[in-house]
Amino acid sequence: MEDEHIWASFKSGNREVFEQIFRTHIRVLYKYGNRFTHDTALVEDCIQDLFLDLWRKRQSLGTTDSIKRYLLGSLRRRIIRKLQRKPVAQAHIDLEIHVFHLELNAEDAHIEAENDLAQQRALKEASAKLTNRQREVIYLKFFQEMSYEEIASVMEISYQSARNLVYAALKAIKKHMVLIKLLFLLFFDRLYH
Amino acid sequence: MAENIEDYTRYQAEDFAQDDGFIQWVKHPDSRLGRFWQDWALAHPEKRGEIEKARKLVDMLQSVEREPSEAQIENLWNNIASGMKEDLPTIKPMRPDLFQSRYVWRVAAAAALVIGMFFVFWNQTETISAGFGRQRTYVLPDGSSVMLNAGSEISFQPSGWEDHREVRLTGEAFFEVTKGGSFEVMSSLGTVKVVGTSFNVYVREETFAVDCFTGKVKVDDEQGQHEQLLVPGKRVVFQANKAQHYDFDPETAPGWRTGDFVFEDAALAQVLEELQRQYDLDIDLKADISGRNYTGQFTNHDLRGALQMICLPMGLTYQLENNGKKVRIGEDQ
């Protein structure tokens with residue numbers, strides 16, 4: 153409800169509300185955008201163009217009940233489109249439609265220094281094993297804490313595909329955790345019992 | 021929660037970890053859903069192992085993210101705000117010394133408009149797509165035709181088409197190219213160059229495959245270092261930095277264009293994705309299919325038959341729900 157009002161107010165030409173929308177979502181957009189490419193300037197361009205287009209076309213925009221979802225979806229499409237248009241010679245790594253960077257983090261994982269290197273490596277491998285789509289869906293689910301409906305809408309896939317992707321990704325990560333599982337369980341026994 | 025009571029006792033770590041309420045519990049233990057899981061965990065000590073594994077998974081899935089600096093944010097906003105001024109002429113220009121007169125602004129705006137329109141029209145990109153559950157044929161400006169498989173998209177620029185025939189593809193398509201200058205199909209995984217011929221291109225996930233039906237086709241992967249020349253009846257598949265060659269009979273080869281989907285030692289995930297695209301189907305997968313390969317075929321006009329063709333040899337079971345819009349696939353116990 154809240155978002156619908158903010159959106160309507162922006163559509164009617166309220167500049168303060170528009171700036172508020174920008175300031176509320178810029179951090180999330182920036183972080184999400186930079187996961188598709190290492191080219192920060194390109195991401196910034198896309199964000200600027202996105203907001204300028206929103207402002208210019210505000211009267212013809214549809215309604216939305218989630219501004220965050222709307223913005224993430226639009227930015228995603230812009231970045232992918234832009235990355236694809238780049239000549240191959242300039243950026244072949246980032247050219248892949250689905251490239252999505254995601255590092256999993258062992259620091260917050262309740263384990264102290266001891267086997268740090270082994271863990272970091274295992275986590276790195278686990279995230280490398282995922283497909284780009286799986287990494288993206290994991291990012292939206294666990295970092296952005298989005299609902300499956302929201303993920304489906306941002307990534308333009310079905311609700312069930314979003315669920316399946318998350319499930320498959322979790323399963324893959326779990327599988328890879330075997331290496332360090334014993335270690336984890338050992339510490340968890342102490343932490344949670 | 022009450023309207024949808026799941027049997028959590030059968031959950032594995034990955035099932036817990038994908039449950040919204042469970043994620044809430046790990047991330048925000050004081051929330052309402054959080055308390056539900058707190059109680060549930062206490063009531064089910066036998067699931068402690070799986071729950072801890074699931075907590076671990078959720079916990080691990082966060083990382084330090086690079087935030088934009090305040091200066092970057094201000095900078096972005098200033099750029100946007102100055103762009104917005106273009107349609108608010110009452111606001112004073114920023115640099116009064118140089119751009120004082122309205123006249124200069126008008127000339128600049130008019131010039132920007134003309135240049136902008138030039139780019140808009142010149143670079144206008146046409147996009148043609150076939151959604152799930154449908155295929156579509158499209159005729160390009162020079163009379164070449166493209167048949168798009170379900171879940172595929174092409175884009176191209178109609179202006180100057182005769183000079184550079186370039187199509188960008190995601191998904192899968194069959195091309196029949198009329199004679200003329202070079203014709204290029206670009207994709208995220210590689211490019212195909214031809215003069216006048218018919219060929220099929222498949223670009224999905226990590227697989228890039230090209231089948232040559234007539235004429236000659238030049239194929240290269242995205243690194244541009246593995247150029248291959250294909251003659252009719254030859255197929256090349258790029259996967260994991262390797263190019264594999266196969267033969268097929270262009271006269272009799274069944275294919276997606278006739279509604280036949282043939283797989284030889286293909287990843288089962290790839291097969292199920294094709295099934296999903298052809299029938300616009302929700303697939304609820306309760307089986308571990310990683311590393312499993314399938315050899316066989318199915319058609320796109322008999323869902324039950326297709327499911328049988330895939331599931332039976334793979335030792336899987338299926339259950340259709342929701343008027344054939346959803347299928348549950350599990351291990352045959």
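As they're listed, the protein sequences go chains A and B.
Each residue of the first sequence is one higher than the one before, starting from 153 at the first, in this note's numbering.
Each residue of the second sequence is one higher than the one before, starting from 21 at the first, in this note's numbering.
Here a beta-carbon is modelled for each residue, glycine too, at the ideal position from N, C-alpha and C.
Treat the numbers as computed from the prediction; the structure is a model and nothing was measured.
- Under the 8 Å Cβ criterion, the segment 164-172 of chain B counts as touching the segment 285-298 of chain B, having at least three qualifying pairs.
- When CB distances to chain B are screened at a threshold of 7 Å, the residues of the segment 180-194 of chain A falling below it are Y182, K183 and N186, in chain order.
- Taking a Cβ-Cβ cut-off of 9 Å, the neighbours of L96/B in chain A comprise F174, I178, Y182, E196, I199, Q200 and F203, given in sequence order.
- Of L292/B, N99/B and F219/B, the smallest CA-CA separation from V251/B is found for F219/B.
- E192/B and V221/B do touch by the CB rule: their CB atoms are close to 7 Å apart, below 8 Å.
- The beta carbon of I325/A sits closer than 7 Å to the beta carbons of A278 from its chain, once the five residues preceding and following it are set aside; these are given in chain order.
- Taking CB atoms only, P88/B has a neighbour in chain A less than 8 Å away.
- With distances taken between CA atoms, A289/B lies nearest to M334/B out of M334/B, D322/B and F258/B.
- Taking 8 Å as the threshold, the shortest C-beta distance from S310/A to chain B falls below it.
- At a cut-off of 8 Å, the C-beta of K238/B has no neighbouring C-beta in chain A.
- Between T319/B and D280/B the beta-carbon gap is near 6 Å, inside 8 Å, which marks them as a contact.
- Interface residue (Cβ-Cβ distance to chain B less than 8 Å): S164/A is not classified as such.
- Each residue's CA atom was taken as its position, placing G151/B and F258/B some 25 Å apart.
- The criterion of a C-beta distance shorter than 8 Å is satisfied by D241/B and G210/B.
- Interface flag for R315/A against chain B is set, since a Cβ pair is found closer than 8 Å.
- S208/B belongs to the set of residues whose beta carbon lies under 8 Å from a beta carbon in chain A.
- The alpha-carbon separation between T216/A and G225/A amounts to approximately 12 Å.
- Cβ-Cβ distances below 6 Å link L327/B to Y338 in the same chain, with the five nearest sequence neighbours on each side left out; the list follows chain order.
- DSSP places I309/A in the coil class of the three-state scheme, outside both helix and strand.
- Secondary structure at L77/B: helix, using DSSP grouped into helix, strand and coil.
- When beta bridges are read from the DSSP output, M298/A appears opposite no residue.
- Contact with chain A is found for N99/B, since one of that chain's Cβ atoms lies less than 8 Å from the residue's Cβ.
- Q172/A and E302/A have their alpha carbons spaced roughly 22 Å apart.
- Comparing alpha carbon positions, the residue from N99/B, Q44/B and R312/B closest to D205/A is N99/B.
- Going by beta carbons, Y314/B and I303/B fall outside the 8 Å limit.
- Between G200/B and R185/B, the CB-CB gap stays under 8 Å.
- In the structure shown, Y222/B adopts extended strand secondary structure according to DSSP, grouped into three states.
- Residues of the segment 215-238 of chain A whose Cβ lies closer than 7 Å to any Cβ of chain B, in chain order: Q236.
- Taken through DSSP and simplified to helix, strand or coil, I174/B comes out as strand.
- Exclusion of the five residues before and after S175/B leaves T145, E146, T147, I148, V187 and R188 as the residues of its chain whose Cβ lies within less than 8 Å of its Cβ.
- In this structure N186/A is buried. Its beta-carbon is surrounded by 16 or more other beta-carbon atoms within 10 angstroms.
- Residue contact check for E156/A against chain B: no CB pair falls below 8 Å.
- Considering only I219/A, S161/A and R285/A, the residue with the shortest C-alpha distance to I232/A is R285/A.
- A150/B: member of the beta strand (DSSP E) spanning E146 to A150, first to last residue.
- Contacts with chain A at 8 Å (Cβ-Cβ) do not include G180/B.
- The Cβ-Cβ distance between I290/A and A314/A does not fall below 8 Å.
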